[in-house]
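Asks: Chains as they are written, first to last, in my numbering: chain A, 8 to 121; chain B, 64 to 287. Built from N, CA and C at the ideal position, the CB exists for glycine as well. On a predicted model such as this, the values are computed, not experimentally measured, just so you know. What follows is a structure written as structure tokens; I'll ask about it next.
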């Protein structure tokens, strides 16, 4: 059971570092959202920064891979991304095709390299 | 065709949370911690930021800042979703759970499904739909967590790779304006540069710089 919960300190950290900074924007949207124009310049900037931040998270996982992913050579991690992108464009933006294709390239490469 | 599309989104959600479960396992968080983060945060990117930043030794403040920057996008989403189900009698507290469930999957599906749902039943519909998505994610979390614990390294790395791929391509799919595409591409390219500074705020730096440049492109196009 203690394995399941882990230590309580980590759960408190989760609330402070993860839950509050995330929920605050939803609640602000609920409270102040009524009067805002969805196409306003401020929201365009906000969306651009949020998108670029998300891209940074994706890049971080590929550049500094966590856990088992670190056992995959960089060439294969980036190759999977490129293969996924090509499938994405060829299938007129199919997320599923992109993800499956990227995974296949990574697994095939790993199998081939041994 | 419609049901196929919704299956794909549910699959992407499943894959994402499978990946988050595996990620949490590999960064030594407990399963309860992982499930609680899904339940209370309910935003894949924020959860990954918390796990990777805390896992790589960042301070609580550094990861809180990175999370809040990534979460700003929820604000316009909530703003655009709520008018779809508000009636003159709707009280604000009735919408709290709807606001909590709002994330990219629900946001896309609300715009697709809600026009077919009578207005006075929409809040109930979203509560049910959000709970369903949450259940899918909690199951995926648990499966991913145990798969990462028990599978060979090759399969564990395949699961971990699901997260960046699913995120990248679902964001690319939702990019409607050139500024969104520029932000995505620049954000990918600038992160390795920002990581050289190694300040603990690398994601924040590359995000603000790339996002502002993308906004500049948007302004420049608007004027041209």
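1. For a cutoff of 9 Å on Cβ pairs, would you count residue 119/A as touching chain B?
2. Checking 9 Å against the spacing of the C-beta atoms, do residue 274/B and residue 56/A come in under that value?
3. Is the shortest distance between the beta-carbon of residue 128/B and the beta-carbons of chain A less than 9 Å?
4. Is residue 135/B helix, strand or coil when you go by DSSP?
5. What distance in whole Å lies between the Cβ atoms of residue 71/B and residue 65/A, which are believed to be in contact at a cut-off of 8 Å?
6. May I ask you to report which of helix, strand or coil DSSP gives residue 213/B?
7. Who are the neighbours of residue 229/B on chain A, taking C-beta pairs under 8 Å?
8. Contact between the stretch 88-103 of chain B and the stretch 184-204 of chain B: three or more CB pairs below 8 Å?
9. Between the Cα of residue 191/B and the Cα atoms of 202/B, 205/B, 204/B, 173/B, which residue gives the shortest distance?
10. Can you round the beta-carbon distance between residue 106/B and residue 96/B to whole angstroms, since I take them to be within the 8 Å contact cut?
11. Does chain B have any CB closer than 9 Å to the CB of residue 115/A?
12. What distance in whole Å lies between the Cβ atoms of residue 26/A and residue 229/B, which are believed to be in contact at a cut-off of 8 Å?
13. Is residue 148/B close to chain A, meaning its C-beta is less than 9 Å from at least one C-beta of that chain?
14. Where are the alpha helix (DSSP H) runs, 4 residues long or more, that stay fully inside the stretch 10-82 of chain A, in chain order?
Replies: On the basis of the coordinates in this document:
1. no
2. yes
3. yes
4. Residue 135/B falls in the coil class under three-state DSSP.
5. Not quite, the Cβ-Cβ distance comes to about 19 Å (not below 8 Å), so this is no contact.
6. helix
7. Identification of chain A residues near residue 229/B by a Cβ-Cβ cut-off of 8 Å yields 102, 106, ordered along the chain.
8. yes
9. Among 202/B, 205/B, 204/B, 173/B, the Cα nearest to that of residue 191/B belongs to 173/B.
10. Residue 106/B to residue 96/B, Cβ: 16 Å. No contact.
11. no
12. Contact doesn't hold; Cβ gap of about 23 Å is too wide.
13. Judged by the 9 Å Cβ criterion, residue 148/B is not in contact with chain A.
14. 15-21, 27-39, 48-70
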